[in-house]
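A short worksheet on the structure shown next.
Residue numbers (the numbering used here): 38 to 309.
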């Protein structure tokens, strides 16, 4: 499988830097671009005043990508594409891209499940407007390695380590060792866990179940599920966080009512 190209952070670059960074990528098929680069390029193509020297290439790119998205088959290929989009911040998906996906999903001859798979994303888009692509006016030097990078798993990157605390020196008080390997450890009281709001947890658990039951076949991407549940919970429990929803999902997993697979949550009773 050919590795996908990642263009890094495009928003906020100046027109000259953009041109250097994306010119070659605009000629690549959709499958060779990671989801973040794809949606940012489509957002740039909708810009009122894209870089003059890129306008024609952007227009051709947008037209070609729209055809490629329209040609995506129903089933797992369509679902995998939506899963990649679901991992991005919703505001990055331009209005034109959202409209295109809705049109494609409901085109004549499409399976009903295709539109159903898009529905959770559309619910999030109703609440979170798209952010226009913005450019800066200040040029910066572009390093050769920044022009085009292939995406890779974080597990393959070097230099990622776990910080370790240096052992503390022993402290003496009145001749007795307070801490360190030579004496008894200095015991500290364990931090108290935040009290669990059972009413809130029950509400979130029930809301998670309701949403997952609506999408029994394919389940829901975790971040889409979290956004939807938080939105509903805000009315009754203002300040509900993503961690609160994750706690509810963990509870469902612990009691065997739901399971997480490949970044998606599904009702376990149906799938076993």
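The C-beta atom is built at its ideal place from N, Cα and C for all residues, glycine as well.
Item                                                                                                                             : Value
Cβ-Cβ separation, residue 252 to residue 157 (assumed contact under 8 Å), whole Å                                                : 7 Å
DSSP beta-bridge partners of residue 137                                                                                         : DSSP lists no partner for residue 137.
Chain-order list of residues whose beta-carbon lies under 6 Å from that of residue 95 (same chain, five-residue window excluded) : 82, 87
For residue 302: DSSP bridge partner residues                                                                                    : 257, 297
Touch test, the segment 91–106 against the segment 49–63, Cβ-Cβ under 8 Å, three pairs minimum                                   : yes
Close-in-space but distant-in-sequence residues of the same chain around residue 50 (CB under 6 Å, 5 per side omitted)           : none
Where residue 123 falls, given that 16 or more other Cβ within 10 Å makes a residue buried                                       : buried
Simplified DSSP assignment, three categories, for residue 43                                                                     : strand
Residue 155 versus residue 47: straight-line alpha-carbon distance, rounded                                                      : 26 Å
Close-in-space but distant-in-sequence residues of the same chain around residue 279 (CB under 6 Å, 5 per side omitted)          : 263
At least three beta-carbon pairs within less than 8 Å, the segment 234–243 to the segment 131–141                                : no
Coarse secondary structure for residue 70, derived from DSSP in three states                                                     : strand
Counted within 10 angstroms of its Cβ, other Cβ atoms place residue 265 as buried (16 or more) or exposed                        : buried
Exposed unless 16 or more other CB atoms sit within 10 angstroms - verdict on residue 116                                        : buried
Local conformation of residue 88 per DSSP, three classes                                                                         : coil
Whole-Å CB distance - residue 249 paired with residue 304, under 8 Å assumed                                                     : 5 Å
Element boundaries [alpha helix (DSSP H), containing residue 59]                                                                 : 52–59
Residue 270 and residue 277 closer than 8 Å at C-beta                                                                            : yes
Distance, residue 54 Cα to residue 292 Cα                                                                                        : 52 Å
Residue 239, DSSP secondary structure in three states                                                                            : helix
Cut-off 6 Å between Cβ atoms - residues of its own chain near residue 301, not counting five sequence neighbours on either side  : 256, 258
Inter-residue Cα distance where the pair is residue 274 and residue 164                                                          : 18 Å
Between the CA atoms of residue 161 and residue 174 - distance to the nearest angstrom                                           : 32 Å
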